[in-house]
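Enquirer: My questions will all concern the structure given below.
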Amino acid sequence: MTDEQLHYIFIAAFLLFLALFFFVETCIEHYNPPIGHTTGVVIVVGIGISAAVYGLAQKYSEDQQWLDDLEFDDDLFFYFVLPLIIFPSGYNMRRKKFFSNIGTIMKFGFLGTIICFAVYTALCYGASEADLLTKPNPDGPGTVKVDFQIYEILSVCSLLCSSDVIAAISMVSYKEQPKLFSIIYGEGVFNDIVSIILFNTV
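Written out as structure tokens, the structure is:
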């Protein structure tokens, strides 16, 4: 099998994965199963496809460059994959309830994320300066201080302030509590946006 054929297989697997994501999300939205979520199915399928593609590259490709190309590319994720994931959520959003609660959503999603980022950064920086962050000493017994740079603290805290609303939103029914559902959903959307911007800014 040539490298060009492997290249087409990788593209087909990637497109198949995206199509499967949209199909599973539509089925779960339509049938509303009592357990499970789109994310769990996608993670399991993604692990399987990744293992199969990696095995093909390792077995049939003579060029080590293919294995290097399989590494995670953040630019590809942010500019190509993430918009395709966010688009269905925005398209299927209940816009009337969302915009009627936009003030509360902005408080939790925007202001809350900024405050959370500032508090996490202050706590991590204070713990680092007070020598409270330690790790086992690789050269002997005891522990040694973990020396974090401010850049590293800001990077980690920008990721920590991103909350996952999947578990919360799966327990709230839109038909029974439309306002609460819209606030949780909107907070999650704004929270992710602010966290991504903070991470890229840092």
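With the sequence shown counted from 1, adding 161 to any position gets you our numbering. Just so it is clear, CB atoms sit at the ideal spot from N, CA and C, and this is done for glycine as well. All of these numbers come straight from a predicted model, not from anything done at the bench.
Please confirm whether Thr-274 and Val-363 have their CB atoms less than 8 Å apart.
Expert: No, they are not a contact pair.
Enquirer: Classify Gly-349: buried if its beta carbon has 16 or more other beta carbons within 10 angstroms, exposed otherwise.
Expert: buried
Enquirer: Mind checking whether Phe-269 and Cys-318 have CB atoms under 8 Å apart?
Expert: no
Enquirer: Give the C-beta separation of Leu-245 and Leu-179 to the nearest angstrom, bearing in mind that I take them to be a contact with Cβ-Cβ under 8 Å.
Expert: 6 Å
Enquirer: Given this structure, state the Cα-to-Cα distance separating Phe-241 from Ile-172, to the nearest angstrom.
Expert: 13 Å
Enquirer: Return the residue from the list Tyr-169, Pro-195, His-198, Gln-338 that minimises the CA-CA distance to Phe-259.
Expert: Gln-338
Enquirer: Between which two residues does the beta strand (DSSP E) holding Lys-340 run?
Expert: Careful: Lys-340 lies outside any beta strand (DSSP E), inside the alpha helix (DSSP H) at 339-362.
Enquirer: At what residues does the beta strand (DSSP E) containing Val-305 begin and finish?
Expert: First-last of the beta strand (DSSP E) with Val-305: 304-306.
Enquirer: Cα separation between Asp-308 and Ala-291?
Expert: 11 Å
Enquirer: Pick from Ile-170, Arg-256, His-198, Phe-342: whose alpha carbon is nearest that of Leu-217?
Expert: Ile-170
Enquirer: Beta carbon of Leu-294, beta carbon of Lys-306: below 8 Å?
Expert: yes
Enquirer: Kindly list the residues whose CB is nearer than 6 Å to the CB of Ile-357, restricted to its own chain and excluding five residues on each side of it in sequence; keep chain order.
Expert: none
Enquirer: Applying the 10 Å Cβ sphere with the 16-neighbour rule, what's the burial state of Arg-343?
Expert: Before going on, a small fix: residue 343 reads as Ser here, not Arg. Buried.
Enquirer: Could you tell me which uninterrupted alpha helix (DSSP H) segments, each at least 4 residues in length, are contained entirely in the segment 261-340, listed from first to last along the chain?
Expert: 263-267, 273-290, 311-321, 327-331
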